[in-house]
Every structure is written in C-alpha cells, then in structure tokens.
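>
In the numbering used here, the protein residues as written are 167 to 353.
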C-alpha cells in the first residue's frame, strides 16, 4: 500500500539516529513502516555552558542548569514539505514550547532579523499547505550539538550569550555568540 502523498510521514526509528524525523513526504530513508506526525516531539535545550532555556515574560532566556530551575519543554515537528526549501542546510523543523503553546519565529524588525515567540500551535504550522518560512529552522547536527538556522534569513542562527539574556538571531558566528546547543528529545 502506498502512503498518502498529502500527509507527511516519518520513520519510527528516526532514521540514522537523528532525533528529528528525516523522511520526506512518505519516503523514509531507512525503509521502516510509515507513521503520520500527529504530535510534536518534546525535549529540552541547553547551550554548551549548561545554560537551559526558560520562559521569562513571554521571552526565552538562558539560565544555568540547577535543581531549582525548570527548563521549558521544547516542541519540534519536521516540515511537511522539505522539498520546497533549500537542500543541504539541515532538516527543516518548526520549534516551539509546550506550555504555553508558542512557536519561535524570525521577523525583520527595523531591518534586523529578530527572533520572536508567537502564540501559534506547532501542528497548525505543520499542517499548512506550504512551508511557513518565518517559523522554520534548518536543524543541523554535528556530533552531540545542534544548530538552528533561520529558513527566512539564511545565515542567521539562534544564539545565546549571557545569563538571563534572551535568545536572539546572529550571523556572527563565534566569540560571545553561542550557536551550538544540545537538543535532548524525550523518548
């Protein structure tokens, strides 16, 4: 039986140990059975300085991981139509937080690409008839670390720097701009 081409499918093994599903429109890379995406994967994100993402006044900021800190639960869903986007930059994903349900978005504000947190349901974005580029990020993994590059602003990455400062977008890699994160997806 052929998969329904109007539905995005993914491999339950998550192809090649990538925590983000890597199948394209019903064709899993490893040939495993098909399952439709009906809920986001969840997990948490920390940077290489062991700062975790928390929600503070409708903004995601980074703070040191301690027993008294509860990181936000990050939600992740692959783009249903990756073939419409630039290939070779990473796996296009929608990223958000679970409670309250909001999604990360990239907008031009005053001529500067800016990271925003918007009240959007991640599965609504996933189920759109075309990719919603302001909400998409190319997820690239190198070993245990991940980067998240804006689809709407290629070359601009989610970054963290100082404690209790908001996440932001940067095109200046290195220095105080930390663009490498640990994405831990729950099993």
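All C-beta atoms in this analysis are idealised placements derived from N, C-alpha and C, irrespective of residue type, glycine included.
Keep in mind that this is a model prediction, so the values were computed, not measured.
Using beta-carbon positions only, say whether residue 242 and residue 268 come within less than 7 Å of one another.
In the chain shown, residue 242 corresponds to position 76, counting from 1. In the chain shown, residue 268 corresponds to position 102, counting from 1. No, these two residues do not count as a Cβ contact at 7 Å.
> Is there a Cβ from chain D that is less than 7 Å from the Cβ of residue 259?
Included in the structure is just one protein chain, with no chain D present.
> Could you check what DSSP says for residue 323 in three-state terms: helix, strand or coil?
Walking along the chain shown from the start, residue 323 turns up at place 157. Strand.
> Any idea what DSSP makes of residue 258, helix, strand or coil?
Position 92 of the chain shown, counted from the first residue, corresponds to residue 258. The answer is strand: DSSP assigns residue 258 an E or B state.
> Distance, Cα to Cα, residue 347 vs residue 257?
By 1-based counting over the chain shown, the position of residue 347 is 181. By 1-based counting over the chain shown, the position of residue 257 is 91. Cα to Cα, residue 347 sits roughly 15 Å from residue 257.
> Does the beta-carbon of residue 305 have 16 or more other beta-carbons within 10 angstroms, so that it is buried, or is it exposed?
As a first step, residue 305 is located in the chain shown; it is residue number 139 there, counting from the start. Residue 305 should be labelled buried.
> If you pair each beta-carbon of the stretch 334-353 with each one of the stretch 285-297, do three or more pairs fall below 8 Å?
no
> Whole-angstrom Cβ separation of residue 331 and residue 218, contact assumed at under 8 Å?
To locate residue 331, count along the chain shown from 1; it is residue 165. To locate residue 218, count along the chain shown from 1; it is residue 52. About 13 Å; that fails the 8 Å criterion.
> Measuring straight from C-alpha to C-alpha, what distance separates residue 296 and residue 247?
In the chain shown, residue 296 corresponds to position 130, counting from 1. In the chain shown, residue 247 corresponds to position 81, counting from 1. Take the alpha-carbon of residue 296 and the one of residue 247: they are about 7 Å apart.
> May I ask which residues mark the beginning and end of the alpha helix (DSSP H) holding residue 292?
By 1-based counting over the chain shown, the position of residue 292 is 126. Residue 292 -> alpha helix (DSSP H) spans 288-292.
> Identify the continuous beta strand (DSSP E) that holds residue 271 and give its terminal residues.
One-based indexing of the chain shown puts residue 271 at position 105. Unbroken beta strand (DSSP E) run through residue 271: 268-275.
> For residue 226, write down the residues that DSSP places opposite it in a beta bridge.
Here the question's residue 226 lines up with position 60 in the chain shown. Answer is 221.
> Is residue 344 buried or exposed, if buried means 16 or more other CB atoms sit within 10 Å of its CB?
Residue mapping note: residue 344 aligns to position 178 of the chain shown, counting from 1. Classification of residue 344: buried, given that the 10 Å Cβ count is 16 or more.
> For residue 259, is the classification buried or exposed, using 16 other Cβ atoms within 10 angstroms of its Cβ as the cut-off for buried?
Here residue 259 refers to the residue found at position 93 when the chain shown is read from its first residue. It counts as buried.
> Does residue 186 pass the burial test, meaning 16 or more other C-beta atoms within 10 Å, or should it be called exposed?
As a first step, residue 186 is located in the chain shown; it is residue number 20 there, counting from the start. Its pLDDT being 46, under 50, residue 186 is placed unreliably by the model, and the measurement read from it follows with that caveat. Per the 10 Å Cβ criterion, buried.
> Using the Cβ count rule (16 or more neighbours within 10 Å means buried), how would you classify residue 353?
As a working mapping, residue 353 is identified with position 187 in the chain shown. It counts as exposed.
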